[in-house]
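Undergrad:
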Amino acid sequence: MANIKSQKKRIITNEKRRMRNRAVKSQLKTATRRVKDAVAASNGAEAYAAALAACRLMDKAASKGVIHKNQAANRKSGIMMLANTVVTDADRAAYVKPEPKPQKTGSKKAARKAAKHAAVVAAAEEKAVRREKQLKMEAEAAARKAKEAAEAEAAEGEEAAE
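Each residue of the sequence shown is one higher than the last, beginning at 17 in our numbering.
Okay, structure coming up:
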């Protein structure tokens, strides 16, 4: 084991990457095997769908740096050449693009944060309603006081006139 702190960290990150790369490469092998199985069964529609899925995985692996982009291009070319041996134009026309998976909304922490934000917004709206009621009551009280003051002045004016 290394004594240097940065080297210890490097060992850990390299292990994480190695495990991720193994998983991605295993996915690629499975995808290519599905294409080969569909071609062996002479199922054009299934072979075409599997080839497109495999090509997508190849592009993702190349963008993540698991395999080189030229290696991905060569593998995609080979897969499509193999699939094209059984795929017909009718299979291509009948291909329906699969629905995208719904995006995750986030972690539990993000959900709690969103709930807290919603509660704060609701409380602010409730406070605004109470503030409006209070202002309305104060305005009514001021109008009443003004009316009473005007009546008192009128009464004083009448008493002074008499």
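Heads up, the beta-carbon is just placed ideally off N, CA and C, and yes, glycines get one too.
To which residues of the same chain is residue 103 closer than 7 Å at the C-beta, ignoring the five residues directly before and after it?
TA: Residues of the same chain with a CB within less than 7 Å of the CB of residue 103, apart from the 5 flanking positions on each side, are 60, 63, 64 in chain order.
Undergrad: Kindly provide the ranges of any alpha helix (DSSP H) runs that are 4 or more residues long and lie completely inside the stretch 83-135, ordered along the chain.
TA: 85-99, 105-110
Undergrad: Counting only the same chain and skipping the five closest in sequence on each side, list residues whose C-beta sits under 7 Å from that of residue 67.
TA: 51, 95, 96, 99
Undergrad: Please state the DSSP three-state secondary structure of residue 17.
TA: If DSSP states are grouped into helix, strand and coil, residue 17 belongs with coil.
Undergrad: Counting pairs of Cβ atoms below 8 Å between the stretch 37-51 and the stretch 77-85, do you hit three or more?
TA: With a cut-off of 8 Å on Cβ pairs, the stretch 37-51 is in contact with the stretch 77-85, counting three or more such pairs.
Undergrad: Alpha carbon to alpha carbon, what distance is there between residue 57 and residue 73?
TA: Rounded to the nearest angstrom, the two C-alpha atoms are 22 Å apart.
Undergrad: Please state if the CB of residue 92 and the CB of residue 71 are separated by a distance shorter than 8 Å.
TA: For residue 71 and residue 92, yes; Cβs fall inside 8 Å.
Undergrad: With 16 other CB atoms within 10 Å as the buried threshold, where does residue 166 fall?
TA: exposed
Undergrad: For residue 77, collect the residues of the same chain with a Cβ closer than 7 Å to its Cβ; drop the 5 residues on either side in sequence, then sort them by chain order.
TA: 40, 44, 83, 88
Undergrad: Once DSSP output is grouped into helix, strand and coil, what is the label at residue 57?
TA: coil
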